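Have a look at the structure below, then the notes.
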Amino acid sequence: EPEVTQTPSHQVTQMGQEVILRCVPISNHLYFYWYRQILGQKVEFLVSFYNNEISEKSEIFDDQFSVERPDGSNFTLKIRSTKLEDSAMYFCASKTSYSTDTQYFGPGTRLTVL
Amino acid sequence: RKEVEQDPGPFNVPEGATVAFNCTYSNSASQSFFWYRQDCRKEPKLLMSVYSSGNEDGRFTAQLNRASQYISLLIRDSKLSDSATYLCVVNAPSNTGKLIFGQGTTLQVKP
Numbered sequence: 001e002p003e004v005t006q007t008p009s010h011q012v013t014q015m016g017q018e019v020i021l022r023c024v025p026i027s028n029h030l031y032f033y034w035y036r037q038i039l040g041q042k043v044e045f046l047v048s049f050y051n052n053e054i055s056e057k058s059e060i061f062d063d064q065f066s067v068e069r070p071d072g073s074n075f076t077l078k079i080r081s082t083k084l085e086d087s088a089m090y091f092c093a094s095k096t097s098y099s100t101d102t103q104y105f106g107p108g109t110r111l112t113v114l
Numbered sequence: 001r002k003e004v005e006q007d008p009g010p011f012n013v014p015e016g017a018t019v020a021f022n023c024t025y026s027n028s029a030s031q032s033f034f035w036y037r038q039d040c041r042k043e044p045k046l047l048m049s050v051y052s053s054g055n056e057d058g059r060f061t062a063q064l065n066r067a068s069q070y071i072s073l074l075i076r077d078s079k080l081s082d083s084a085t086y087l088c089v090v091n092a093p094s095n096t097g098k099l100i101f102g103q104g105t106t107l108q109v110k111p
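Chains as they are written, first to last, in the numbering used here: chain P, 1 to 114; chain B, 1 to 111.
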């Protein structure tokens, strides 16, 4: 069964450093998402991406965040200058089409900012 | 009011018990509703979609009451492997498909 993959599984970084989280969505999917979950809190939407552009972003997704689909398979989330409060699990998700409700989630990247 | 509200629990039940979780959502324009399961430090996994007519999948039954903006999940004959956090999820009434998650309800099934 096809699945969403994410790398790395755990990333430790120093405050102020840039990180890039990588995702490979399911191959025939067209809609892509990033969510995050701070430890002990709910899953929160960050950004949606379709047709090579951001379709919606949350208040969390400020100028420090960016997304890219550089090569038709990878979908990346970049945090330019990490803060302590960026420590969280970051989940990538994808779905096939606009009319499909079901999103498939990757296993997540645990980001720890020291 | 929170967009999606759930009782965080924990619900501690013996094996074989029946347990019910409830959830309310604030935006009446939401169209799609789900229950996801999340194990500790893992990704959310779709348990079932929820329809107005109610739907059942084995030991799991989900119900939706649009008038009350209320969603429920019933688990019958609980197994140890049902221990997890159950997330009530609603799609936002935008055309991007973003999902809005509740805080989750923790279930611990004990032998």
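C-beta atoms are modelled at their ideal positions from N, C-alpha and C, and glycine is treated no differently. All values reported here derive from a predicted model rather than from experimental measurement.
Where the beta strand (DSSP E) through residue i begins and ends
i, result
"residue 73 of chain B", "70–75"
"residue 61 of chain P", "No beta strand (DSSP E) contains residue 61 of chain P, which DSSP labels as neither H nor E."
"residue 57 of chain B", "55–57"
"residue 43 of chain P", "43–50"
"residue 50 of chain B", "45–50"
"residue 23 of chain P", "19–24"
"residue 23 of chain B", "19–25"
"residue 36 of chain B", "33–38"
"residue 14 of chain B", "11–14"
"residue 42 of chain B", "No beta strand (DSSP E) holds residue 42 of chain B; DSSP gives it neither H nor E."
Residue i - DSSP class collapsed to helix/strand/coil
i, result
"residue 81 of chain B", "helix"
"residue 5 of chain B", "strand"
"residue 127 of chain P", "Outside the shown range of chain P (1 to 114) lies residue 127 of chain P, about which nothing can therefore be said."
"residue 39 of chain P", "coil"
"residue 64 of chain B", "strand"
"residue 85 of chain P", "helix"
"residue 33 of chain P", "strand"
"residue 95 of chain P", "strand"
"residue 69 of chain P", "coil"
"residue 110 of chain P", "strand"
From the options, residue whose alpha carbon lies closest to that of residue i
i, options, result
"residue 76 of chain B", "B:13, B:18 and B:3", "B:18"
"residue 53 of chain P", "P:103, P:79, P:78 and P:66", "P:66"
"residue 44 of chain B", "B:11, B:103 and B:31", "B:103"
"residue 81 of chain P", "P:20, P:101, P:95 and P:75", "P:20"
"residue 89 of chain B", "B:25, B:16, B:10 and B:1", "B:25"
"residue 99 of chain B", "P:30, P:35 and P:5", "P:35"
"residue 78 of chain P", "P:84, P:62 and P:72", "P:62"
"residue 101 of chain B", "B:38, B:13, B:10 and B:11", "B:38"
"residue 33 of chain B", "P:7, P:101 and P:8", "P:101"
"residue 42 of chain B", "P:89, P:75 and P:2", "P:89"
"residue 21 of chain B", "B:80, B:91, B:28 and B:61", "B:61"
"residue 74 of chain P", "P:29, P:114 and P:22", "P:22"
Buried versus exposed call for residue i [16 or more other C-beta atoms within 10 Å across all chains shown]
i, result
"residue 120 of chain B", "The requested residue 120 of chain B does not occur in the structure, where chain B is confined to residues 1 to 111."
"residue 15 of chain P", "exposed"
"residue 92 of chain P", "buried"
"residue 31 of chain B", "exposed"
"residue 25 of chain P", "buried"
"residue 95 of chain P", "buried"
"residue 99 of chain P", "exposed"
"residue 38 of chain P", "exposed"
"residue 70 of chain B", "exposed"
"residue 109 of chain P", "buried"
"residue 71 of chain P", "exposed"
"residue 6 of chain B", "buried"
"residue 67 of chain B", "exposed"
"residue 4 of chain P", "buried"
"residue 94 of chain B", "exposed"
"residue 17 of chain P", "exposed"
*asked:* Beta carbons nearer than 7 Å to chain B: which residues of the stretch 56–71 of chain P have them?
replied: 56
_Residues in the stretch 5–30 of chain B having any Cβ partner in chain P nearer than 8 Å_ = none
_Chain-ordered residues of the stretch 2–33 of chain P with a beta carbon less than 8 Å from chain B_ = 31 and 33
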